[in-house]
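Enquirer:
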Amino acid sequence: MRSDDSRDLDRSDTDSVTVSTTDVGYRIDLPPQLAALNRSNVNVQSLAVERDETALQQAVKLDPLTAAVCTLEKTDEMVDGLLEANTEYLPELD
Numbered sequence: 186m187r188s189d190d191s192r193d194l195d196r197s198d199t200d201s202v203t204v205s206t207t208d209v210g211y212r213i214d215l216p217p218q219l220a221a222l223n224r225s226n227v228n229v230q231s232l233a234v235e236r237d238e239t240a241l242q243q244a245v246k247l248d249p250l251t252a253a254v255c256t257l258e259k260t261d262e263m264v265d266g267l268l269e270a271n272t273e274y275l276p277e278l279d
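Anchor point for the sequence shown: position 73 equals 258 in the working numbering, and the numbering is continuous, going up by one each time.
1) For VAL245, count neighbouring Cβ atoms within 10 angstroms of its own Cβ and tell me buried if that reaches 16, exposed if not.
2) Flag this pair as touching only if the segment 245-264 and the segment 212-224 have three or more C-beta atom pairs under 8 Å; answer yes or no.
3) Is DSSP giving ASP193 helix, strand or coil here?
4) By alpha-carbon positions, which one of LEU247, VAL254, ASP237 ends up nearest to ARG224?
5) Quick check on the DSSP output: the alpha helix (DSSP H) that includes ARG212 runs from which residue to which?
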């Protein structure tokens, strides 16, 4: 697949409220073990897009890489810093 051929790429379109994926014409049924591994990540990512600051902080705390290097307090500080640094790009959170 060539990187400049957008027809072959799975893309996501976003607006201020929703995230949706574009179907590229094929579907793969994963073995249950792989689907479970993906689901654990998707569940965390779903929390992160709820437009709720508490849900966002919880989602980041559940991320395995973040949890491996940050305390819960440091994670809250990191999320607060990221939100502050990106205020002009983000919608209001609940």
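No residue lacks a Cβ here, since even glycine has one placed at the ideal position from N, Cα and C.
Expert: On the basis of the data shown:
1) The residue labelled residue 245 in the question sits at position 60 within the sequence shown. By the 10 Å Cβ count, VAL245 comes out buried.
2) no
3) Sequence index remark: in the sequence shown, residue 193 carries index 8 (1-based). For ASP193, the predicted model reports a pLDDT of 42, less than 50, meaning its position is unreliable; a value from the coordinates is still stated below. It is helical.
4) Translated into the one-based positions of the sequence shown, residue 224 becomes position 39. Selected option, being the one with the closest Cα: LEU247.
5) Counting from one through the sequence shown, the residue named residue 212 turns up at place 27. Run containing ARG212: none; DSSP gives neither H nor E here.
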